[in-house]
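Taking it in order: structure first as structure tokens, then the write-up.
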Amino acid sequence: MAGSHSDRQGTILTMTSEAPIFNKLTLRMIAPVVLVVCSVGIGFYFFVLRTISDYAEQEIRASLARTAREIYDICDSNFTTLLQNGQMGNAKMVRIRRALTLGAIEDYAKRHNLRILLRERKEKVLLSFQIDSALLANIAKIHQKTTTWNLRIENKVYYFHHFDFKPWVWHIDLISDTTPFTPLIDRVKAVYAFTIVVLLLGLSVMIFALARGLRNPVQQIIAAVREKRPPDYRGIYEFEFLSHNIAEMMSSLNSHTQWLERLYTIGTTHRGIKFFRAIARVIADAMGLNTVINRAEEKGTGFCIMAVAEAEAEAEAEAEAEGYNLELGDLANGLPCELLNGRSEPTVIQHGATEQFAAYKGIVANKPECYIGLAISDRNGRTIGCAHLFGEAREINDWDMQFVKTIGRMVGSEFELMEKEQDQKRISEQMLRSQKLESLGLLAGGVAHDLNNVLSGIVSYPEVLLLELPQDSKYRKAIETIQESGNRAAAIVQDLLTITRGVATTKKPLNLNELVKEYLDSPEFNKLKSFHPTVTVQTNFDTDLFNINGSHIHIRKTIMNLVSNASEAIEGEGNVTISTMNRYIDRPLKGYDDVKTGEYAILSISDDGPGIASDDLQRIFEPFYTKKKMGKSGTGLGLSVVWNVVQDHEGYVDVKSNENETIFDLYFPLTRDEISEKELPLSLEDLKGEGETILVVDDVESQRDISCKMLDTLGYKTVAVGSGEEAVEYLKGNTVDLILLDMIMDPGIDGCEAYKRIIAINPDQKAVIISGFAKSNNVKEAQKLGAGRYIKKPVTLEKLGLAVKEALEK
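Sequence positions in the sequence shown follow numbering that gives the first Met the number 0 and run 0 to 809.
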């Protein structure tokens, strides 16, 4: 590294020695002087010599104008005499008067040594005085009426003035030269030449003085720099001062270069804790200050110490050691980390740091005079760490500040790199966990589908039988027991379907506060309290909580599962707290499940039990994973249901647990839609039909029988077929009011394909979809084609009757 730097420095010096002539010091010193001399000469010329010339020209032109007026007066006087004497009609008197006028003009020209040319009608020359052939030829070429101009002929300047005497159609040209002003102009030119000579002599003296007084000392200093040694000039005070400062600068530059090379080596060879320790050591050695580097905790709970370096410790020993002798006190009060949080510029105290930080034990214990604190930020300006430098009093210069800021950027980049690696690891774990849950969910969904077909008879038939049995029948109790057992089994199957993340749910505006209150007033909660009498359930509601779009039954089941788990986690007396709040997330939150930016209504359920072990925390949402004793409580599906319900609602789950508490935070996207009024339950009479014909399509015979029996009870006529193909063939020759269509049939075409073929025969054919599996893309496609409500197996009389009634009335 040092060698490469020297090579670069040598290259720069070589380039400087071969600089273009315009960059030479001599020319740079002489050029301003020459410029001043030239400026003085040019200024003298324009402001003195040219001024005299301009003055002469103006006087000549003014003289010509006066002369023109006087000659015009001569002409006008004679013409006026003719008029006054009434002789304008006498040609002889007019000729005499014109001749007298020409004579008077000629006498005037002779007296004033004036050149004059007088023509009649621009052709006949009546008077020409001191006009040679050259002047006459040029007058003919450039003559312009009533205009004054000048002309150079044979290095002599002539000034012209032309005017007309219109009564006699005379055209008069007056010509003058610079002869009257020649002596004055010659004297000025002589002064100008003398001035130029004096300026040139002064320039020569100044150049000589500059060479002796400036160039030689500068060349001496440059020679020393080229030889890579500090200059040591003695003589002129200013250059002696410059030489001394350059020597100090070269020494400082060499020192700074060594520190920068050391930083470069650390940046390319160290990572993690070794990187921070090495960086802290460099700061301590370079600035002679104790150094502490802190990193912000991931969840914003404070700062932790990453590296410490003492100003007078051995670098090699400390770089490898984990301990230190500085008295930092506890993390909360030891160093002013929170004071630096969010600051863009370093905090610098050159004297009296101990007094200013009296509240911080880590500062006070070491009694520093000087302190530098730097907040370390990421690319978005978020504080992710800080550095503290403190020790004996010292002056902090610009290099120190730039050095600290550079190290701050290096540390910040390392923090970001570590955070990125941790994020990648967390994302990888989340993906593996999601894939695992998805695989288990698919397995559970397949089992649930088969169980639904088995349970249909156990759940549906008792309902039909109870309608037909008298109230005092001895079989009613047994059938009700069968129905209750079937419903419990159906609830378990429903949990299995829930963890497949595709349950057919209707989402509508709900309020978490109302759902929690509803659960706390339910028989299920009363039963839970009887199992755990020493557990107190507390609530902390946000009274301005926004609504969410959700499935009532699933959100309620989620609340029930979490409260149940929290109560069971408490050994002896304890508290379960249910809280709600609104929250705007302006940047992603990193937790068990990363929360994206947005507006959320949060349901938080916490308990003060012993917490969840870290190994178990990664598996708590897996189906059938439980630490409870077999047969005591639960099926191992509770938290799986919670996870998948939240996912289906496009929300997020965050779990925090330690030895004193466990907190489940559920983030649901909020809505500003209002909650609609509750619908009143329908009676059996409201569900009955009017003898409409319904075609039941299902590949399982027992399912067809159950559906037909229930529809018959509701007053409908039923026809049953065992496949989609049979349904299509039947409808080619028959019509029905409605089709009750199973979505999954094997073998043969599924319900969606069957419905496509049916609407090709009868585009207005109404249908209700039924299935024991989750709502799939095929169900959604069939509904887009015109099918009605989707109901899942096992069906109840109310759900079936309501779906059929709604479809027929559409």
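No residue lacks a Cβ here, since even glycine has one placed at the ideal position from N, Cα and C.
What you are looking at is a predicted structure, and each value in this text was computed from that prediction instead of being measured.
Taking C-alpha atoms, which residue in the options lies nearest to residue i?
i	options	result
Tyr-754	Lys-765, Asp-745, His-531	Lys-765
Ala-306	Tyr-71, Val-410, Tyr-518	Val-410
Ile-743	Thr-734, Ala-223, Ser-722	Ser-722
Leu-740	Ala-283, Lys-227, Leu-799	Leu-799
Leu-117	Leu-126, His-111, Ile-235	Leu-126
Lys-589	Asp-614, Lys-655, Leu-99	Lys-655
Ser-706	Ile-757, Arg-671, Leu-730, Lys-791	Lys-791
Lys-809	Gly-785, Leu-796, Val-515, Pro-793	Gly-785
Gly-201	Ile-662, Glu-805, Cys-369, Cys-37	Cys-37
Leu-339	Ala-295, Ala-357, Cys-369, Arg-378	Ala-295
Lys-595	Thr-177, Ala-61, Glu-649, Ala-781	Glu-649
Glu-689	Thr-405, Leu-807, Ala-477	Leu-807
Trp-167	Phe-128, Glu-237, Lys-227, Met-87	Met-87
Ser-824	Val-156, Val-794, Ile-748	Coverage of the chain is limited to positions 0 through 809, which leaves residue 824 absent and any answer about it impossible.
Trp-642	Ser-427, Ala-285, Asp-592, Arg-68	Asp-592
Ile-371	Ala-357, Trp-169, Glu-394	Glu-394
Leu-373	Val-347, Thr-717, Thr-353	Val-347
Phe-620	Val-644, Asp-685, Gly-390, Leu-99	Val-644
Leu-99	Phe-78, Lys-528, Gly-287	Phe-78
Met-205	His-160, Thr-80, Val-33, His-255	Val-33
Mapping DSSP to helix, strand and coil, what is residue i?
i	result
His-648	coil
Met-305	strand
Pro-229	coil
Ala-503	Unreliable placement is indicated for Ala-503, whose pLDDT of 46 sits below 50; the coordinate value is still reported in the next sentence. The answer is coil: DSSP assigns Ala-503 none of H, G, I, E or B.
Asn-733	coil
Ile-748	coil
Tyr-359	coil
Pro-793	coil
Asn-525	helix
Asp-163	strand
His-170	strand
Asn-776	helix
His-350	coil
Gly-201	helix
Arg-381	coil
Val-699	coil
Gly-800	helix
His-387	strand
Thr-177	coil
Pull up the distance between the alpha-carbon of residue i and that of residue j, whole angstroms please.
i	j	result
Leu-652	His-350	Here residue 652 turns out to be Val, not Leu, going by the sequence shown. Approximately 50 Å, taken between the alpha carbons.
Glu-260	Val-575	58 Å
Glu-247	Lys-360	39 Å
Asp-329	Asp-399	Since pLDDT at Asp-329 reaches only 46, below the 50 mark, its modelled position is unreliable, and no value is offered.
Gln-537	Gln-423	38 Å
Met-249	Thr-382	37 Å
Asn-293	Cys-385	5 Å
Phe-402	Pro-230	27 Å
Tyr-583	Arg-671	14 Å
Asp-377	Asp-615	33 Å
Glu-849	Gly-380	The question about residue 849 has no answer, for the chain in this structure spans 0 to 809.
Cys-513	Ala-568	In the sequence on display, residue 513 carries Glu and not Cys. Between Glu-513 and Ala-568, the C-alpha separation is close to 25 Å.
Phe-356	Ala-392	15 Å
Glu-418	Ser-412	10 Å
Thr-290	Leu-252	23 Å
Thr-353	Pro-335	12 Å
Val-720	Ser-521	43 Å
Phe-162	Asp-172	7 Å
Ser-343	Ile-375	9 Å
Glu-752	Ile-693	19 Å
Cβ of residue i within 7 Å of any heavy atom in the ligand ZN?
i	result
Phe-356	The ligand content of the structure shown is nil, which means the ligand ZN is not present either.
Identify, in the order they occur along the chain, each residue of the same chain with its Cβ nearer than 6 Å to the Cβ of residue i, setting aside the five sequence neighbours on each side.
i	result
Leu-730	Ile-757, Ile-760
Leaving out the 5 sequence neighbours to the left and right, which residues in its chain are closer than 8 Å to residue i when beta-carbon positions are compared?
i	result
Leu-101	Leu-117, Leu-125, Leu-126
Leu-262	Ile-278, Val-281, Thr-405, Ile-406, Met-409
Asp-749	Gly-723, Met-742, Ile-743, Asn-777
Counting only beta-carbon atoms, is residue i nearer than 8 Å to chain B?
i	result
Arg-233	No chain B appears in the structure shown, which is made up of a single protein chain.
Which same chain residues, not among the five before or five after residue i, have their C-beta less than 7 Å away from its C-beta?
i	result
Val-534	Ser-566, Ile-569, Gly-573, Val-575
So does the stretch 541-548 actually touch the stretch 687-701, counting three or more Cβ pairs closer than 8 Å?
no
Are at least three pairs of beta-carbons, each pair with one atom in the stretch 590-608 and one in the stretch 560-574, less than 8 Å apart?
yes
Check whether the stretch 102-113 touches the stretch 59-74, taking contact to mean three or more Cβ pairs, one atom from each stretch, closer than 8 Å.
yes
So, does the stretch 365-382 touch the stretch 270-278, judging by three or more C-beta pairs under 8 Å?
no
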